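*Asks:* Okay, handing you the structure first.
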Amino acid sequence: MNDLRQPRLVMEAGSKTYYSRNASKEVLAGIDLTVHASEFLSIVGPSGAGKTTLLRCLSGLMPLSSGRIILDGEVLTEPSPVVSVVFQEYSRSLMPWMTVADNVALPLRGRKVPRASVKARVGEVLESVGLSGTERQHPWQLSGGMQQRVAIARALVTQPEVLFMDEPFASVDAQTRLDLEDLTRRLQQERQMSVVLITHDIDEAIYLSDRVVVLSKEPATVREIIENDLGAVRDQISTRELPAFMERRSHVLGLIREIQHAKAVPAELSTSSS
Amino acid sequence: MSRLGRVLLGSLIPIVVLVIYAFATRSGLDPYYPSMASISSRFSELWLFERVGSDVWPSMRNLAFGYLVAIAVGVPVGLLLGMVVWLHDLLAPLIDFARSVPAIIFIPPLILVLGIGDVSKVLIIALGAGFPLLITTIDGVRKTDRALLDVARAIRLSRRRTIWNIVLPGAAPSIMGGAQTGLQVGFFLLIASEMVGASSGIGYLMMRAQASFDSPTLWAGIVLLSLMGFVLNLLFLAVRNRIIHWHLAMRAVSGSR
Ligand SMILES: Nc1ncnc2c1ncn2[C@@H]1O[C@H](COP(=O)(O)OP(=O)(O)O)[C@@H](O)[C@H]1O
Ligand SMILES: [Mg+2]
């Protein structure tokens, strides 16, 4: 079945080192990663592992120190028009001086989209994220969950083929989180886009994804990639009760625990425990 | 408290002061503190509206020109220095030095070089009002949220649109602070330059009145200038509130939480 999947975005031996005045920190070390067309891929790893760094490199916002990224057969050096990003801090990523409609329309400015169809497309994406009628409000008049929907709508308005999301549901309440998870999965299915979701929530990753990438830390490498075929349609109750779901959940939890302990415990001891 | 209530309460002290002044000067014999009646009759003689065309309007025109020059130079230059780090590092010490020099000391040399005409006044106003605008623009631009610049890059917004849609609106609240200070400084420098070297204008008339012990004219000038300063600030606030209404409304929302 792997042969049927078409690679869309590939990172080859991606490494990233941050340099500051008198120190350097290797954050990513030789990461090989393929994002297939129309797949839902999650990347999990402990906090500080380098997930945001990986996303910034994958989306062309930041250059790798070595290695390369290939999007649809071409080397990626800057943000691509077919890729969109939902950033970690949604409230900081919306322009408070713009209305919801203007925020969502912003990526279309300069893309030579006629005014009338900008309006139509903004209306359409707002409807698809359940925000019809908020066009003329400002982001700060909305709840956190609604602001995150605005950020998602803005990412979708360009009809991306690849959507990156950096811990998008980390700071909303539990019920909103479930709603936004289902919204994201539904949009991914409807639009047949590739979604790369970065999260530190293992349940969320397994619930939503077709594959889960587990990162180790300091520096981040790909620890394991888990095939997660839980069917196209997911349900917050029944999917989470599937034996396969719980099995993978324990497996990933175990991996993460290992990764965290590998750092805390001296090398000789950690080999005996694994 | 209701709006009307606040206006009434806020007017209490000025009214009390005026009543005390009127009562204390009712005899009209003190040469330094003329009676209210003589001040107001001089006020209407001079300013309603005989000397408006010759001494108020030209001054206001100079203020408007000088202020517009300050905005037209201060904001774009501030934008440039806020965005180009090496230019900022090159000029920051100079700007820090210049900002602590009171602009009023440039009045004598500018009048010496350019004469007592309108050009020297416009220039001195532009200089004095330009500095707060320059500094607050640099500051506002440098504080642009990096998260928003990331968004701009991710959505491939052009440089021009990034400046216009993100950098400038984000810096606008800061720039408005500089614009308000700039207007006050400009008004102050206008009057000061008329007092030092001019052949017309409110400041000039006041200095002449002082030299000839004409205290009703002096007081009428003070009343006029106070009213003008007050109205100018109200006009400024009306314009500012239109430009950054989002900022004020957002602050009101987050403040009430
Ligand atoms: N711009 C930067 N300069 C230096 N170090 C950084 C920078 N950004 C992140 N780091 C460091 O890199 C590591 C990974 O950060 P990040 O990618 O944000 O992790 P995560 O998103 O998984 O929490 C952290 O230790 C962080 O301190
Ligand atoms: Mg992160």
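Here the protein sequences come in this chain order: Y and P.
For what it's worth, my numbering labels the leading residue of the first sequence as 855, then goes sequentially.
For what it's worth, my numbering labels the leading residue of the second sequence as 14, then goes sequentially.
Where is the CB? At the ideal position from N, CA and C, for every residue including glycine.
Fair warning: this is a prediction, and the values are worked out from it, not measured in the lab.
Exposed or buried, residue 254 of chain P, counting other C-beta atoms within 10 Å across all chains shown (16 or more means buried)?
*Replies:* So residue 254 of chain P counts as exposed.
*Asks:* Closer than 6 Å by C-beta to residue 183 of chain P: which residues in its own chain qualify, once you throw out the five before and the five after it? Chain order, please.
*Replies:* Only 157 meet the Cβ criterion.
*Asks:* In the DSSP assignment, the alpha helix (DSSP H) including residue 132 of chain P goes from what residue to what residue?
*Replies:* Its alpha helix (DSSP H) spans residues 131-155.
*Asks:* In terms of residues, what are the limits of the alpha helix (DSSP H) holding residue 108 of chain P?
*Replies:* Note, residue 108 of chain P: alpha helix (DSSP H), 98-112.
*Asks:* Within 10 angstroms of its Cβ, does residue 150 of chain P collect 16 or more other Cβ (buried), or is it exposed?
*Replies:* It counts as buried.
*Asks:* By alpha-carbon positions, which one of Y/947, Y/952, Y/1045 and Y/1081 ends up nearest to residue 262 of chain P?
*Replies:* The shortest Cα separation from residue 262 of chain P among Y/947, Y/952, Y/1045 and Y/1081 belongs to Y/952.
*Asks:* Given a cut-off of 9 Å on the beta-carbon distance, is the pair residue 880 of chain Y and residue 923 of chain Y in contact?
*Replies:* For residue 880 of chain Y and residue 923 of chain Y, no; Cβs fall outside 9 Å.
*Asks:* Would you check if there are 3 or more beta carbon pairs closer than 8 Å linking the stretch 138-153 of chain P to the stretch 190-199 of chain P?
*Replies:* Yes: the two stretches touch, three or more of their Cβ pairs being nearer than 8 Å.
*Asks:* Report the neighbours of residue 943 of chain Y on chain P: residues whose CB is nearer than 7 Å to its CB, in chain order.
*Replies:* 160, listed in chain order.
*Asks:* Can you confirm whether residue 995 of chain Y, when its beta carbon is compared against all beta carbons of chain P, has any partner nearer than 9 Å?
*Replies:* Yes, its Cβ sits closer than 9 Å to a Cβ of chain P.
*Asks:* Have a look at P/234, P/243, P/226 and P/196 and flag the residue whose alpha-carbon is nearest the alpha-carbon of residue 43 of chain P.
*Replies:* Measuring from the Cα of residue 43 of chain P, the nearest candidate turns out to be P/226.
*Asks:* Near ligand 1, which residues have their beta-carbon less than 5 Å from any of its heavy atoms, given in chain order?
*Replies:* Listed by chain position, these are Y/872, Y/881, Y/901, Y/902, Y/903, Y/904, Y/905, Y/906 and Y/907.
*Asks:* Pick helix, strand or coil for residue 1190 of chain Y, following the three-state DSSP scheme.
*Replies:* Residue numbering for chain Y in the displayed model covers 855 to 1128; residue 1190 of chain Y lies beyond these limits and cannot be assessed.
*Asks:* What is the C-beta distance between residue 900 of chain Y and residue 1060 of chain Y, in whole angstroms, given that I count them as a contact (C-beta under 8 Å)?
*Replies:* Rounded, the Cβ-Cβ distance is 16 Å, inconsistent with contact.
*Asks:* Contact criterion: CB-CB distance below 9 Å. Does residue 868 of chain Y meet it with respect to chain P?
*Replies:* With 9 Å as the cut-off, residue 868 of chain Y does not count as an interface residue toward chain P.
*Asks:* Any residues in the stretch 148-179 of chain P with a beta carbon nearer than 8 Å to a beta carbon of chain Y? Which ones, in chain order?
*Replies:* Correct list: 158, 160, 161, 163, 164, 166, 167, 168, 169, 170, 171, 174, 178 and 179.
*Asks:* Could you tell me the alpha carbon to alpha carbon distance between residue 69 of chain P and residue 214 of chain P, rounded to whole angstroms?
*Replies:* C-alpha separation (whole angstroms): 6 Å.
*Asks:* Terminal residues of the continuous alpha helix (DSSP H) containing residue 57 of chain P?
*Replies:* First-last of the alpha helix (DSSP H) with residue 57 of chain P: 49-58.
*Asks:* For residue 979 of chain Y, collect the residues of the same chain with a Cβ closer than 7 Å to its Cβ; drop the 5 residues on either side in sequence, then sort them by chain order.
*Replies:* Cβ within range, chain order: 958, 1007, 1010 and 1011.
*Asks:* Just reading off the beta strand (DSSP E) that residue 972 of chain Y is part of, what are its end residues?
*Replies:* First-last for residue 972 of chain Y: 969-982, but that is the alpha helix (DSSP H), not the beta strand (DSSP E).
*Asks:* If residue 120 of chain P sits next to residue 206 of chain P, beta carbons under 8 Å apart, how far is it from one beta carbon to the other, in whole angstroms?
*Replies:* So it is a contact: roughly 5 Å between Cβ atoms.
*Asks:* Would the C-beta of residue 193 of chain P count as close to ligand 2, meaning under 8 Å from any of its heavy atoms?
*Replies:* No, Cβ of residue 193 of chain P sits at least 8 Å from all heavy atoms of ligand 2.
*Asks:* Using a beta-carbon distance cut-off of less than 7 Å, what residues from the stretch 904-918 of chain Y approach chain P?
*Replies:* Going along the stretch 904-918 of chain Y in chain order, one finds 913 and 915 with a Cβ nearer than 7 Å to chain P.
*Asks:* Can you give me the C-alpha to C-alpha distance between residue 84 of chain P and residue 108 of chain P, rounded to a whole angstrom?
*Replies:* Between residue 84 of chain P and residue 108 of chain P, the C-alpha separation is close to 17 Å.
*Asks:* Shorter than 9 Å from the beta carbon of residue 262 of chain P to some beta carbon of chain Y?
*Replies:* By this cut-off, residue 262 of chain P is an interface position.
*Asks:* Please determine if the stretch 125-144 of chain P and the stretch 930-940 of chain Y are in contact, where contact requires at least 3 C-beta pairs separated by less than 8 Å.
*Replies:* No, the stretch 125-144 of chain P does not touch the stretch 930-940 of chain Y.
*Asks:* If you measure between the beta carbons of residue 896 of chain Y and residue 1067 of chain Y, is that distance less than 9 Å?
*Replies:* A contact, by the Cβ cut-off of 9 Å.
*Asks:* Please classify residue 259 of chain P as buried or exposed, where buried requires at least 16 other C-beta atoms within 10 Å of its C-beta.
*Replies:* So residue 259 of chain P counts as buried.
*Asks:* Alpha carbon to alpha carbon, how far is residue 111 of chain P from residue 1028 of chain Y? Give it in angstroms, no decimals.
*Replies:* So the two alpha carbons sit approximately 55 Å from each other.
*Asks:* DSSP three-state label for residue 169 of chain P, please.
*Replies:* It is coil, neither helix nor strand.
*Asks:* Within the same chain, show all residues whose beta-carbon is closer than 6 Å to that of residue 7 of chain P, passing over the 5 residues directly before and after it, in chain order.
*Replies:* Only positions 14 to 270 of chain P appear in this structure, which leaves residue 7 of chain P out of reach.
*Asks:* Under the rule that 16 or more other beta-carbon atoms within 10 Å means buried, what is residue 14 of chain P, buried or exposed?
*Replies:* That one is exposed.
*Asks:* Under 8 Å: do the stretch 882-891 of chain Y and the stretch 905-915 of chain Y share three or more Cβ pairs, one atom per stretch?
*Replies:* The stretch 882-891 of chain Y vs the stretch 905-915 of chain Y: in contact.
*Asks:* Could you spell out where the beta strand (DSSP E) holding residue 861 of chain Y opens and where it closes?
*Replies:* Counting along the chain, the beta strand (DSSP E) containing residue 861 of chain Y begins and ends at 861-873.
*Asks:* Tell me residue 1074 of chain Y's beta-bridge partners as DSSP assigns them.
*Replies:* Residue 1074 of chain Y is bridged to Y/882.
*Asks:* Kindly indicate which three-state DSSP category residue 255 of chain P falls into: helix, strand or coil?
*Replies:* Helix.
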